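Taken in order, these protein sequences are the chains called A and B.
Last residue of the first sequence: 282 in my numbering, with the numbers rising by one and none dropped.
Last residue of the second sequence: 338 in my numbering, with the numbers rising by one and none dropped.
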Amino acid sequence: MRQVVVIALNTFRENLRDKILYNLLFFAVLLIGFSVLLADLTIMEHQKIVTDMGLAAINLVGVIIAIFVGIGLVSKEIERRTVYTIMARPISRTQFILGKYLGLMLTLFVNILIMVVVYLATLQVYRAPVPWALLQAIELIFVELLLVTALALFFSTFSTSTLSAIMTLGFYVIGHLTTDLKGIAQKSHSEAVKAVMTGIYYLCPNLEMLNMKGQAAMGASVPLSYQAWASAYGLLYAALLISAACAVFQRRDF
Amino acid sequence: MDAILVEEVTKKFRPGWPGLPPVTALAGLSLSVHKGEIYGFLGPNGAGKTTTLKILLSLMRATSGKVEMLGKPAGDLEVRRRIGFLPEAPYFYDYLTAEEFLAFYGHLAGLERGELSRRIDHLLEVVGLRDARTRQLRKFSKGMLQRVGLAQALIHDPELVILDEPMSGLDPLGRKHVRDLILGLRDQGKTVFFSTHIIPDVEMICDRVGIIVKGKLMASGRVDELVSHGHTQSVEIVCEGIKADEVPSITALATRVLQRGRHCLVALPEPNQLEDVLAMIRARGGRLVSVTPQKGSLEELFFKEDDMTVSVRSDTKV
């Protein structure tokens, strides 16, 4: 466990020193700038716009970090050969993968935390309410980010950074369209299309399950049981991807 | 018990395209490194040195064969606690300071805080980086990176130190520093296994040397044994009071005659011609200044092995 923590803390430190937190500036501009602009352009519903924009900005910034830092977690270590000296130490490859994942998870958590604090402060300025649904949506955004990070990490154990980015982005987009894919499969007359669409539907994570930003902006919460199931689904999917990443990494020659 | 034992190891890389034959990097390599010795692993570029090291450290799997380190199979996590490694042209986390960098590797090796702090102080002193302690590695020169890399390999006081081309890219002073450090490790009873293609480094510090060519160990043994065995020992005579290049009987025997002011250098290919030539010099009124036997060099052997023209000689299982 100690080895995992050492790798995780070093990954977190690397993210900090690579100035990942600068993205918070981007977030602040996105949130405050657009909110003010749109609020000025519309006559009503200032509060809803700010609430909506904030959640979208948190999600967007989080996904950018998860994908673009996630794809480099392992592939960068191999390309730069830093993995040589680490693997020569008493640390298993599984511990290394877990450490890298936990490190980015910590970075994402700190990021989300700061963004949420800024977000809540902005809502306060606009005297917008903070319904329970908002916090539910933020929790599910974090679960989605853990899943996306696991996807990026999985791809980065066997392909280059560019290819990993393309594949993760692809899965992310398809992950938000899986319900449509199922609809296409049901309506299609072609057996081949049905088979492919159904296959993709079951293979790709259903990220829409974790998306309740729309309801949250309206203040509509979901039952706790739904939130628990959706979180468990996301975390289980991430765990499967991490296990697969460990299995692939275990067999790699450097 | 040997510190490193490699038996009949082969490594074949899968080709990039289907249908192409596999590339053989190691073809039945066998070698052993005794405890407490400095073993130089010499070979031209592409001979299989780094592949061997990677297999030793389980960064790569052998296609077949047996590899043991400190009596345990390579890859055993406990054994890795007792091994230090510096890769070739290392790239490290350049956002860390020298101190943080060493602490990271010390933690991975399981060192406790107090001991780690003592080891960091000691090693930064040993590699001459005490003043760069809080500087980020991205601001280090190549030589400094090599030195901090060495400190990283030694942070947990390992019994066996494996170094891949530790002197490459260093200036003469840097190379001397690394040589001294390696000798110091042997004095402490450690085993050092290092790969290189720089022959003088091997000649100067290694107890034994192995020459790898095209994935096979072509020769292994003590440096003096390897260079003297089967090699002609030439002789250089320096004399004065005579112009040897004007004496046909001397120039006929010598491989080279050089007149430098009052002194004259006569190089003979065979030592058994020495007495005859000395008699000729005295007969012409010359005076002997020095006689130096010229040993065969590892370089000659290296080139010959690379050309695959010399039969295999060894003191170990080759």
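No residue lacks a Cβ here, since even glycine has one placed at the ideal position from N, Cα and C.
No experiment lies behind these values; they were computed from the predicted model shown.
Selected residue, minimal CA-CA separation from residue i, among the options
i	options	result
residue 198/A	154/A, 51/A, 180/A	180/A
residue 63/B	288/B, 185/B, 150/B, 197/B	185/B
residue 35/A	267/A, 154/A, 134/A, 212/A	134/A
residue 107/B	121/B, 98/B, 181/B	181/B
residue 309/A	67/A, 184/A, 80/A, 74/A	This structure leaves residue 309/A out entirely; chain A is present only between 29 and 282.
residue 173/A	275/A, 129/A, 194/A	129/A
residue 94/B	294/B, 259/B, 60/B, 27/B	27/B
residue 274/A	30/A, 162/A, 124/A	124/A
residue 117/B	198/B, 305/B, 158/B	158/B
residue 160/A	89/A, 249/A, 170/A	249/A
residue 81/B	160/B, 45/B, 102/B, 91/B	45/B
residue 178/A	86/A, 262/A, 73/A, 281/A	262/A
residue 85/B	272/B, 130/B, 25/B, 206/B	25/B
residue 312/B	193/B, 244/B, 264/B, 259/B	259/B
residue 170/A	76/A, 31/A, 87/A	87/A
residue 305/B	52/B, 294/B, 262/B	262/B
residue 168/A	247/A, 235/A, 93/A	235/A
residue 91/B	229/B, 53/B, 127/B, 189/B	53/B
residue 268/A	279/A, 223/A, 176/A	176/A
residue 120/B	102/B, 101/B, 141/B	141/B
residue 182/A	239/A, 221/A, 99/A	99/A
residue 198/B	299/B, 226/B, 209/B	226/B
residue 83/A	131/A, 162/A, 228/A	162/A
Residue i to residue j span [Cα, whole Å]
i	j	result
residue 127/A	residue 247/B	50 Å
residue 195/B	residue 218/B	11 Å
residue 96/A	residue 230/A	25 Å
residue 104/B	residue 96/B	14 Å
residue 278/B	residue 303/B	19 Å
residue 124/B	residue 213/B	24 Å
residue 215/A	residue 67/A	41 Å
residue 134/B	residue 211/B	26 Å
residue 242/B	residue 58/B	11 Å
residue 99/B	residue 78/A	58 Å
residue 152/A	residue 102/A	41 Å
residue 175/B	residue 122/B	7 Å
residue 150/A	residue 142/A	12 Å
residue 291/A	residue 71/B	Past the boundaries of the shown model lies residue 291/A; chain A is included only from 29 to 282, so the question cannot be answered.
residue 8/B	residue 205/B	Here chain B covers residues 21 to 338 and nothing more, so residue 8/B does not appear.
residue 257/B	residue 244/B	22 Å
residue 196/A	residue 203/A	10 Å
residue 222/B	residue 162/B	22 Å
residue 56/B	residue 44/A	43 Å
residue 148/B	residue 193/B	12 Å
residue 16/A	residue 81/A	There is no way to answer for residue 16/A, as the model of chain A reaches only from 29 to 282.
residue 120/A	residue 179/B	21 Å
Buried versus exposed, by CB contacts within 10 Å (16 or more), residue i
i	result
residue 42/A	buried
residue 36/B	exposed
residue 267/B	buried
residue 244/A	buried
residue 219/A	exposed
residue 207/A	exposed
residue 332/B	Note on residue 332/B: pLDDT 38, under 50, position unreliable in the model; no value is reported.
residue 31/B	buried
residue 33/B	exposed
residue 166/B	buried
residue 50/A	exposed
residue 310/B	exposed
residue 165/A	buried
residue 139/B	buried
residue 241/A	buried
residue 169/B	buried
residue 69/B	buried
residue 259/A	buried
residue 88/B	buried
**Asked** Is the stretch 148 to 159 of chain B touching the stretch 73 to 85 of chain B, taking contact as three or more C-beta pairs under 8 Å?
**Response** no
**Item:** Given 8 Å, three or more beta-carbon pairs between the stretch 231 to 244 of chain B and the stretch 48 to 66 of chain B
**Value:** yes
**Message:** Residues of the stretch 168 to 190 of chain B in Cβ contact with chain A at a cutoff of 7 Å, in chain order, please.
**Reply:** For the stretch 168 to 190 of chain B, which is checked against every Cβ of chain A, the residues closer than 7 Å are 172.
**Prompt:** Any residues in the stretch 36 to 67 of chain A with a beta carbon nearer than 8 Å to a beta carbon of chain B? Which ones, in chain order?
**Reply:** 38, 41, 42, 45, 46
**Stretch-stretch touch, CB-based, cutoff 8 Å, three pairs: the stretch 48 to 62 of chain A with the stretch 143 to 156 of chain A** = The stretch 48 to 62 of chain A vs the stretch 143 to 156 of chain A: in contact.
**Request:** Scan the stretch 122 to 145 of chain B for residues whose Cβ lies nearer than 8 Å to a Cβ of chain A and list them as they occur along the chain.
**Result:** For the stretch 122 to 145 of chain B, which is checked against every Cβ of chain A, the residues closer than 8 Å are 124, 125, 127, 128, 129, 130.
**Message:** Tell me which residues of the stretch 188 to 212 of chain A have at least one Cβ-Cβ distance to chain B shorter than 9 Å, keeping chain order.
**Reply:** none
**Prompt:** Contact between the stretch 37 to 52 of chain B and the stretch 208 to 217 of chain A: three or more CB pairs below 8 Å?
**Reply:** no
**Validate contact between the stretch 108 to 115 of chain B and the stretch 104 to 112 of chain A using beta carbons, cut 8 Å, 3 pairs** = yes
**Asked** If contact means a Cβ-Cβ distance below 9 Å, which residues of the stretch 114 to 125 of chain A contact chain B?
**Response** 114, 115, 116, 117, 118, 119, 120
**Request:** Select from the stretch 59 to 80 of chain B all residues with a C-beta closer than 8 Å to any C-beta belonging to chain A, and list them in chain order.
**Result:** Those would be 74, 77, 78, 79, 80, in chain order.
**Asked** Which of the residues in the stretch 67 to 88 of chain A, read from start to end, lie with their CB under 8 Å from any CB of chain B?
**Response** none
**Request:** With 7 Å as the C-beta to C-beta threshold (strictly closer), list the residues of the stretch 210 to 241 of chain B near chain A in chain order.
**Result:** none
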